[in-house]
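Accompanying notes for the structure given below.
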Amino acid sequence: MIKVKDLMITFLNNRWLVFVAAMWIQSCAGVGYLFGSISPVIKSSLNYNQKQVARLGVAKDLGDSVGFLAGSMSEILPLWALLLVGALQNFVGYGWVWLVVTGKAPVLPLWVMCLLIFIGTNGETYFNTVALVSCVQNFPKSRGPVVGILKGFAGLSGAILTQIYTLINSPDKASLIFMVAVGPSMVVIALMFIVRPVAGHRQLRLSDASSFSLIYCVCLILAAYLMGVMLVEDLIDINRTIVQILTAILFVLLVVPIGIPLWLTFSVDPRSSEQETLLSEPKNKEHDPHEIIFSEVEDEHSSSETDSLTALERKKRLLRLQSKLCQAAAEGAVRIKRTRRPHRGEDFDLTQALVKADFWLLFWTLLLGSGSGLTVIDNLGQMSESLGYENSHIFVSMISIWNFLGRVGGGYFSEIVVRDYAYPRPVALAIAQGVMAIGHLLFALGWPGAMYMGTLLIGLGYGAHWAIIPATASELFGLKKFGALYNFLTLANPAGSLVFSGVIASNIYDSEAEKQAQQHNQIITHSASFLTKLLDTDDAPKCTGSVCFFTTYMIMSGLCVIAVILSLILVGRTKVVYQHLYGKNRT
Numbered sequence: 000m001i002k003v004k005d006l007m008i009t010f011l012n013n014r015w016l017v018f019v020a021a022m023w024i025q026s027c028a029g030v031g032y033l034f035g036s037i038s039p040v041i042k043s044s045l046n047y048n049q050k051q052v053a054r055l056g057v058a059k060d061l062g063d064s065v066g067f068l069a070g071s072m073s074e075i076l077p078l079w080a081l082l083l084v085g086a087l088q089n090f091v092g093y094g095w096v097w098l099v100v101t102g103k104a105p106v107l108p109l110w111v112m113c114l115l116i117f118i119g120t121n122g123e124t125y126f127n128t129v130a131l132v133s134c135v136q137n138f139p140k141s142r143g144p145v146v147g148i149l150k151g152f153a154g155l156s157g158a159i160l161t162q163i164y165t166l167i168n169s170p171d172k173a174s175l176i177f178m179v180a181v182g183p184s185m186v187v188i189a190l191m192f193i194v195r196p197v198a199g200h201r202q203l204r205l206s207d208a209s210s211f212s213l214i215y216c217v218c219l220i221l222a223a224y225l226m227g228v229m230l231v232e233d234l235i236d237i238n239r240t241i242v243q244i245l246t247a248i249l250f251v252l253l254v255v256p257i258g259i260p261l262w263l264t265f266s267v268d269p270r271s272s273e274q275e276t277l278l279s280e281p282k283n284k285e286h287d288p289h290e291i292i293f294s295e296v297e298d299e300h301s302s303s304e305t306d307s308l309t310a311l312e313r314k315k316r317l318l319r320l321q322s323k324l325c326q327a328a329a330e331g332a333v334r335i336k337r338t339r340r341p342h343r344g345e346d347f348d349l350t351q352a353l354v355k356a357d358f359w360l361l362f363w364t365l366l367l368g369s370g371s372g373l374t375v376i377d378n379l380g381q382m383s384e385s386l387g388y389e390n391s392h393i394f395v396s397m398i399s400i401w402n403f404l405g406r407v408g409g410g411y412f413s414e415i416v417v418r419d420y421a422y423p424r425p426v427a428l429a430i431a432q433g434v435m436a437i438g439h440l441l442f443a444l445g446w447p448g449a450m451y452m453g454t455l456l457i458g459l460g461y462g463a464h465w466a467i468i469p470a471t472a473s474e475l476f477g478l479k480k481f482g483a484l485y486n487f488l489t490l491a492n493p494a495g496s497l498v499f500s501g502v503i504a505s506n507i508y509d510s511e512a513e514k515q516a517q518q519h520n521q522i523i524t525h526s527a528s529f530l531t532k533l534l535d536t537d538d539a540p541k542c543t544g545s546v547c548f549f550t551t552y553m554i555m556s557g558l559c560v561i562a563v564i565l566s567l568i569l570v571g572r573t574k575v576v577y578q579h580l581y582g583k584n585r586t
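Residue numbering for the sequence shown follows numbering that gives the first Met the number 0, starting at 0 and increasing by one per position.
Structure representation (structure tokens):
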């Protein structure tokens, strides 16, 4: 009986159990990806026009990206409370929208509906923050794969929830909103005490490689499976029994990773784990309270030089400087300051990070890269329509899958870069942005088949950002305030989308559409066809041909080239840091 109790305690404190539970939370955390399926129901039920629906979409984007509050609260509240707040926001926001749409609650003004959509979608930021903070702290030596897998499941959650809704097959379209309000909240509340940083062994183990390999296999199979299921359900009218079987297979694939913590708990000798923990955990360094630290000496200008020294050499150098400065201070020549600013690789808070050039390089390269990628995602329907594709749904589904594979693959590839070569992780970011520049160029040219290839390249490159950026931020600025730092960086995503999609792409599209409309009106005038005028009932002019987005995506391609340059500058600035963090792993 005692042994069973010990095994249960070991299982519940296993960091792989935390990781698998975080994957399940992320699998239902991307409710914002379902807005395209929810918005037609809201539009028809409340008699909204397209401009009003677009405002709801802006509220959704803001709620999905503005996670500063979640990051700040992660420093105050326990993580289970943070998950509870997110679940309540998701339930209240989308639950109230469901009540309004179904007529069970009075119709609310548009600004209140925008607020409800914002509140409901903003719950995702709490789920993301807790999942990333917990797992990055539990796997500090495998940040790339962990972040890539978690963000990948968040990107794939829309397809997973859509398949579950297909199983329900309710004639009431509003039931999708009810499922979005209740489903994720139930899953999060059920797992909120499991997802947390756990004590014990956090270094690399021999079993980690095989465990990550299993999860990567599950990810690839899941992506291929969902792609196949979406194509089959879109092209063939299948009966309910087949849908139930397909959904059951989906659940099996999601549950398979739980075998990792079960195997580690029941097959590994706990005594060997304890001995490994004692050997692997670093000893806490006690600081002498009388030690004087001189921040004037350890500023950013000398950080590259001091970081290249060994710990012993650095300590000797500081002791010599301290003795000289103590003597000078005694003579009144200098003023001693007993605090110092952190160096790259140490723990920063947000205010300390905001004055660092590396942090803003990371922010701007994310704004240019992910902002241009989000511009493609937001305009994919109009792009495919302008190029003559009748069914834009296939491109939306494809970019979702490529986005998922980009997140998983970006984490895996960037981890090889730092682990095997001790090279800065942002070099993988530069490669992803170079791939995106080519994808934007293909979209601009509008060649036959370019939509398929461009969707592949943009999806992979955009997804890779969300695996590489959080891992890089945790390496350069530490784990202590990671929640606040990560959520500030995510503000770059809506900022880029607002400028690139809301200003540049929309204005260029409208300009080209007006030119084509004027040419069309001239033809109508010359032919004196009054009946054709009456039959043309479109509220807004539409643009056809590759010219509609040519200028936009040439600009986006140029912005990605600038992002590559910024990433390479960051690579040059952080080489010493990554040599210090990972160079010893190669010896």
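Cβ atoms here follow ideal geometry from the backbone N, Cα and C, with glycine treated the same way.
Residue 445 carries a coil assignment under DSSP once its states are collapsed to helix, strand and coil. The beta carbon of residue 214 lies closer than 7 Å to those of 148, 256 in the same chain, with the five residues before and after it left out.
Counting the other Cβ atoms within 10 Å of the Cβ of residue 394 gives 16 or more, which makes it buried.
Contact between residue 21 and residue 134 holds: CB atoms are separated by about 5 Å, below the 8 Å threshold. Counting only the Cα atoms, residue 362 lies some 10 Å from residue 485.
Scanning 120, 41, 78, 48 for the CA closest to the CA of residue 65 turns up 120. The alpha carbon of residue 559 has as its nearest neighbour, out of 432, 569, 490, 216, the alpha carbon of 432. Residue 207 sits in a helix when the DSSP states are folded into three classes. Here the C-alpha atom of residue 503 lies approximately 40 Å from the C-alpha atom of residue 253. Contact between residue 450 and residue 508 does not hold, since the beta-carbon distance rounds to 16 Å and is not under 8 Å. When DSSP assignments are scanned along the region 395-454, the uninterrupted stretches of alpha helix (DSSP H) that are 4 or more residues long and fall wholly within it turn out to be 425-444.
Within the region 130-204, the complete alpha helix (DSSP H) segments of 4 residues or longer fall at 142-167, 174-190, listed in chain order. Using a Cβ distance threshold of 7 Å, residue 409 and residue 463 count as a contacting pair. Residue 167 and residue 476 have their alpha carbons spaced roughly 45 Å apart. Straight through space, the alpha carbons of residue 561 and residue 250 are spaced by roughly 42 Å. Going by DSSP, residue 487 is part of the alpha helix (DSSP H) stretching over 481-488. Between residue 86 and residue 188, the C-beta gap is smaller than 7 Å, which places the two residues in contact. Setting aside the 5 residues that flank it on each side, residue 183 is surrounded in the same chain by 27, 28, 30, 89, each with a C-beta closer than 7 Å to its C-beta; the list follows chain order.
Residue state for residue 342 is assigned as coil, using DSSP reduced to three classes. By the CB criterion at 7 Å, residue 500 and residue 364 fall outside the cutoff. Distance from the CA of residue 360 to the CA of residue 316, rounded to the nearest whole angstrom, comes to 31 Å. In terms of Cβ geometry, residue 456 and residue 438 form a close pair [threshold 7 Å]. Judged by DSSP secondary structure, residue 558 falls within the alpha helix (DSSP H) whose first and last residues are 546-581.
Counted as a single uninterrupted DSSP element, the alpha helix (DSSP H) harbouring residue 493 occupies residues 491-498. Boundaries of the alpha helix (DSSP H) harbouring residue 378: 356-385, taken from the DSSP string. Taking the C-beta atoms as reference points, residue 423 is found nearer than 7 Å to residue 570. Inter-residue distance for residue 348 and residue 479 is about 8 Å (C-alpha atoms, whole angstroms).
Distance from residue 190 to residue 24 at the Cβ level is roughly 6 Å; contact confirmed, criterion being Cβ atoms closer than 8 Å.
Taken through DSSP and simplified to helix, strand or coil, residue 388 comes out as coil. For residue 75, the closest of 94, 129, 417, 563 by C-alpha to C-alpha distance is 129. Close CB contacts of residue 33 within its chain, under the 8 Å cut and outside five residues either way in sequence, are with 157, 160, 161, 175, 179 (chain order). Residue 542 sits in coil when the DSSP states are folded into three classes, being neither helix nor strand.
Shown here, residue 102 sits in coil according to DSSP, grouped into three states, outside any helix or strand.
Taking every protein chain shown into account, the CB of residue 514 has fewer than 16 other CB atoms within 10 angstroms, so this residue is exposed. Between residue 443 and residue 552, the CB-CB gap stays under 7 Å. It is roughly 15 Å from the alpha-carbon of residue 140 to the alpha-carbon of residue 466.
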